[in-house]
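Novice: Below you'll find the structure I mean.
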Amino acid sequence: MAEDKTILDDKKVVEPQKIDRLGAHEDWTFEDANGYKWKYTFQFPGLKKAYEMIDNATMANGQIAKSILFDEYLQNVVVSEKLTSVDDLIDRPGIDDLFNAIDSFLGGLL
């Protein structure tokens, strides 16, 4: 497929913008009431997988099942430690903040 290029009046060629999504990662920290820092690393799972996570969590009525989506996030986005289910976070604070941070991370790349 040929790439579209735009030539401006001053003969400058404008290239299409490219986004390096696969290289995207973010370190995120939640500090609890005792001052302990819970550290997580997010890694972009790929464009197809990001949309599959949303598809997998969408119920027949069009609403998102948070329990499914959050399990998907833990399995496919959080790479700093082995977390596979929301149940793995039963004794950790800041869970809502964690999932909001993951949403923001992915939302900035989609």
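Mapped onto my numbering, the consecutive letters of the sequence shown carry residue numbers 7 to 116. We treat Cβ as the ideally placed atom computed from N, Cα and C, and that holds for glycine. Predicted model only: the values in this text are computed from it and were never measured.
1. I need the boundaries of the alpha helix (DSSP H) containing residue 102, first residue and last residue.
2. Assign residue 51 to buried or exposed, taking buried as 16 or more other Cβ atoms, counted over all protein chains shown, within 10 Å of its Cβ.
3. If you draw a straight line from the C-alpha of residue 41 to the C-alpha of residue 102, how long is it?
4. Using the C-alpha atoms, what's the distance from residue 18 back to residue 70?
5. List the DSSP bridge partners of residue 47.
6. Output the distance between the C-alpha atoms of residue 61 and residue 39, rounded to the nearest integer angstrom.
7. To which residues does DSSP link residue 84 through a beta bridge?
8. Taking residue 76 as the reference, which of 31, 44 and 56 has the closest Cα?
9. Leaving aside the five residues before and after residue 92 along the sequence, list all residues of the same chain whose C-beta is less than 8 Å from its C-beta, in chain order.
10. Quick check: the Cα distance between residue 85 and residue 33, rounded to an integer number of angstroms?
Specialist: Concretely, from the data shown:
1. Boundaries of the alpha helix (DSSP H) around residue 102: 101-113.
2. In this structure residue 51 is buried. Its beta-carbon is surrounded by 16 or more other beta-carbon atoms within 10 angstroms.
3. Taken atom to atom, the span from the alpha-carbon of residue 41 to that of residue 102 is near 18 Å.
4. Distance between the alpha carbons of residue 70 and residue 18: 46 Å.
5. Residue 47 is bridged to 33.
6. Spanning the two alpha carbons is a distance of roughly 36 Å.
7. Residue pairing by DSSP places residue 84 opposite 48 in a beta bridge.
8. Of the candidates 31, 44 and 56, 56 places its Cα closest to the Cα of residue 76.
9. Its chain contains 73, 76, 77, 80 and 101 as the residues whose beta carbon lies nearer than 8 Å to that of residue 92, once the 5 sequence neighbours on both sides are disregarded; these appear in chain order.
10. Roughly 10 Å between the two C-alpha positions.
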